[in-house]
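A.B. asks:
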Amino acid sequence: MLLIQVGINLGWPSPNLVKLTAPNSTIPVTASEASWVISSARLGGFAGAIVALICVAFVGSKKTILLTLAIISTSWACVIIANSVDWLYTSRFLSGLTQSTTFSSFPLYLGEVSPPKIRGALMCLSMVGAPVGIFFGTIAESYLSMKISSSIYLALCWIAMIIFIWLPDSPYHLVKTGDHKCARKSINWYFSNCDVDKELDEIRNFVEANIGQSMKEQLYELNSPHIRKSLFVLLTLYILSELCGAVNLLAYMEIILIHAKCNFVSPKVFVIFASSSGIFMIGLTMKLIEKCGRRFLMMISSIGTSLGMVGLATHFCLLNANVDPVVIQWLPFISIMLFLMTFAIGYSCVPHTVLGELFPDNAKNVAAFLATLTASIFGFVITKAYQPMVDFMGEAFVFWIHAGFSIMAVPCIVFLMPETKGKTFLEIQNLLVKKKDALSVETNIPYLNKVEMITEL
């Protein structure tokens, strides 16, 4: 339910920007203000990265998730009472903040409370929540007023909080806080038919191996050559996923179709149909990621998103050349579907997967923080610059830029990104450093067995 809320927030802009910028809008919004409504979420993501780093470290993943749900509730309340665009800025800022806290806490919580045999399947299954939320939110926003739809989302958020608050905390967090009695109860709740004493000992050993590092010491880990290389690869993947233009396409999809003069299918109906494609593609990615490998999916994603943007840019170039829009109105539909489907199999999931595979546990939190921070900065620049660039140079120019960034990603992936499919942590590190340094990598990773256990999650 948490990821459904995240999906709703991701799909919220496209149908609502059309309403807000219409002449009869109850909350009049200019094109410039609309760009701030979109980009406010990325500013929130910047703040959320900092909040998540602090909250997960001090109060644990469960309480961070509860805080996230409370903030999501506040964001929907802002929409319900909104009578000016300032309330929408606040709502979108909070929604962006919760996206960062969600992806920093939810995978950690699920990994700590799910049995190893079904942990991977549960993680992949839970990720379906985001495209389901986009699909559900797009339908609701297309046919209901913002206040009514936001009231529904608020009610769903409260239900999620009521259910989640009664669940036990993670046994890992309870052991960290020294509450071994509650940790035993938590193990009994989450890991049925297991040896509680054995499981508790394993968790205690794991926690003792990681506890005690200050933030300064965790940052110092980044001085290691192999960690720096891993961080460079990770940040590159996160930046590329922003530069390809997915956020702009999702936010402005209905407006793009209207400007493209596509009447074969109602833009509103097509946005709903397009948003459903993510559900199917996430399921397909679950099968492909272990069969085809991460690099292959990222290359397919880069080429596919580039072709999608080329199609959109070509369409607007033809419109500028006074070509009959009826003849070419199929092109935006095909281009958008190609973009969304290929984005889903690579950019949307591989960077998050690689995060768990490139870093030892004592550097993973800092790496996730820096990746989220970097993505938020680039995402803010991309979303805020979109409308001014469209106004000044036209849609075609913007789409050519996104296409260029996407195709530039291919050599970056080929020459920088290691293939991590089926490899242990040490094997991955040996791919990142020179062969002559392989021994130093091995001797400087005393926590290797622990990391290999984590990457199996």
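Under UniProt numbering, residues 1 to 457 are what the sequence shown spells out, in order. Ideal Cβ placement from N, Cα and C applies to all residues, glycine included. Note that the coordinates shown come from a computational prediction; the quantities given were computed from them, not determined experimentally.
Quick check on DSSP: helix, strand or coil for GLU442?
C.D. replies: Residue confidence is low: GLU442 scores 41 on pLDDT, short of 50, so the model does not pin down where it sits. Its coordinate-derived value is still stated next. The answer is helix: DSSP assigns GLU442 an H, G or I state.
A.B. asks: Ignore the nearest five residues each way along the sequence and tell me which others in PRO332's own chain have a CB closer than 8 Å to its CB.
C.D. replies: ILE256, LEU257, ALA260, CYS262, GLY311, LEU312, HIS315
A.B. asks: For the alpha helix (DSSP H) that contains PRO13, what are its first and last residues?
C.D. replies: 13-20
A.B. asks: So, using beta-carbon positions, are THR372 and ARG42 closer together than 8 Å?
C.D. replies: no
A.B. asks: Give, in chain order, every unbroken run of the alpha helix (DSSP H) that is at least 4 residues long and sits entirely within the stretch 71-135.
C.D. replies: 85-113, 116-127
A.B. asks: Cα-Cα, which of ILE148, SER301, LEU3, PHE46 is closest to LEU110?
C.D. replies: LEU3
A.B. asks: If we ignore side chains and look at the alpha-carbon of each, how far apart do LEU108 and PRO267 end up?
C.D. replies: 38 Å
A.B. asks: On the CB-based measure, 16 or more other CB atoms within 10 Å of its CB, does MET393 come out buried or exposed?
C.D. replies: Exposed is the call here.
A.B. asks: What separation, rounded to the nearest whole angstrom, lies between the Cα atoms of PHE397 and GLY404?
C.D. replies: 11 Å
A.B. asks: Comparing alpha-carbon positions, which option in LEU144, TYR153, GLY379, HIS173 lies nearest residue 541?
C.D. replies: Because the chain here runs from 1 to 457, residue 541 falls outside it and cannot be looked at.
A.B. asks: Buried or exposed, going by whether 16 or more other CB atoms sit within 10 Å of the CB of ILE134?
C.D. replies: By the beta-carbon neighbour count (other beta carbons within 10 angstroms, threshold 16), ILE134 is buried.
A.B. asks: Cα separation between ALA385 and ILE377?
C.D. replies: In a straight line, the C-alpha of ALA385 is about 12 Å away from that of ILE377.
A.B. asks: Between SER73 and LEU167, is the Cβ-Cβ spacing less than 8 Å?
C.D. replies: no
A.B. asks: Would you call the stretch 19-39 and the stretch 88-98 in contact, with 3 or more CB pairs under 8 Å?
C.D. replies: yes
A.B. asks: Quick one: measure Cβ to Cβ for ILE80 and SER151, integer angstroms, because I've assumed they're closer than 8 Å.
C.D. replies: About 6 Å separates the beta carbon of ILE80 from that of SER151, a gap short enough to meet the 8 Å contact definition.
A.B. asks: With a cut-off of 8 Å on the beta carbons, I'd call ALA130 and LEU10 a contact; round off their distance for me.
C.D. replies: 7 Å
A.B. asks: Indicate the three-state DSSP secondary structure (helix, strand or coil) for VAL381 in the structure shown.
C.D. replies: helix
A.B. asks: Is it buried or exposed for GLU112, if we count other Cβ within 10 angstroms and need 16 for buried?
C.D. replies: buried
A.B. asks: Quick one, which of TRP76, LEU97, SER170 has its alpha-carbon nearest CYS157's?
C.D. replies: TRP76
A.B. asks: The alpha helix (DSSP H) that contains LEU249, what's its start and end?
C.D. replies: 246-259
A.B. asks: So, with DSSP's three-state summary, where would you put TRP36?
C.D. replies: Helix at TRP36.
A.B. asks: By a C-beta neighbour count over all protein chains shown, 10 Å radius and 16 as the cutoff for buried, is LEU284 buried or exposed?
C.D. replies: exposed
A.B. asks: Pull up the CB-CB distance for MET253 and ILE336, whole angstroms please, since I reckon it's below 8 Å.
C.D. replies: 7 Å
A.B. asks: Do ILE71 and THR98 have their C-beta atoms closer together than 8 Å?
C.D. replies: yes
A.B. asks: Would DSSP call CYS412 helix, strand or coil?
C.D. replies: helix
A.B. asks: Looking at C-alpha atoms only, which residue of ILE65, VAL132, TRP87, SER84 is the closest neighbour of SER100?
C.D. replies: ILE65
A.B. asks: Which value, in whole angstroms, describes the spacing of the CA atoms of VAL85 and LEU243?
C.D. replies: 27 Å
A.B. asks: Would you mind giving the Cβ-Cβ distance between ALA251 and LEU69, rounded to the nearest angstrom? I have them listed as a contact below 8 Å.
C.D. replies: Their Cβ separation, rounded to whole angstroms, is 24 Å, which puts ALA251 and LEU69 out of contact at 8 Å.
A.B. asks: Using 8 Å as the Cβ pair cut-off and three pairs as the minimum, do the stretch 275-289 and the stretch 401-415 touch?
C.D. replies: no
A.B. asks: Got a sec? Which residues, its chain only, sit under 6 Å from TRP87 by beta carbon, not counting five neighbours each side?
C.D. replies: CYS78
A.B. asks: Could you check what DSSP says for MET337 in three-state terms: helix, strand or coil?
C.D. replies: helix
A.B. asks: Could you check whether the stretch 167-176 touches the stretch 45-61, counting it as contact only if at least three pairs of C-beta atoms, one from each stretch, sit closer than 8 Å?
C.D. replies: Because the criterion of three Cβ pairs below 8 Å is met, the stretch 167-176 and the stretch 45-61 touch.
A.B. asks: So CYS182 is in the alpha helix (DSSP H); what residue range does that whole segment cover?
C.D. replies: 180-190
A.B. asks: Checking 8 Å against the spacing of the C-beta atoms, do VAL132 and LEU234 come in under that value?
C.D. replies: Not in contact: VAL132 and LEU234 (Cβ atoms no closer than 8 Å).
A.B. asks: Using three-state DSSP, classify MET1 as helix, strand or coil.
C.D. replies: coil
A.B. asks: With SER149 as the anchor, note down where its alpha helix (DSSP H) starts and where it stops.
C.D. replies: SER149 -> alpha helix (DSSP H) spans 146-165.
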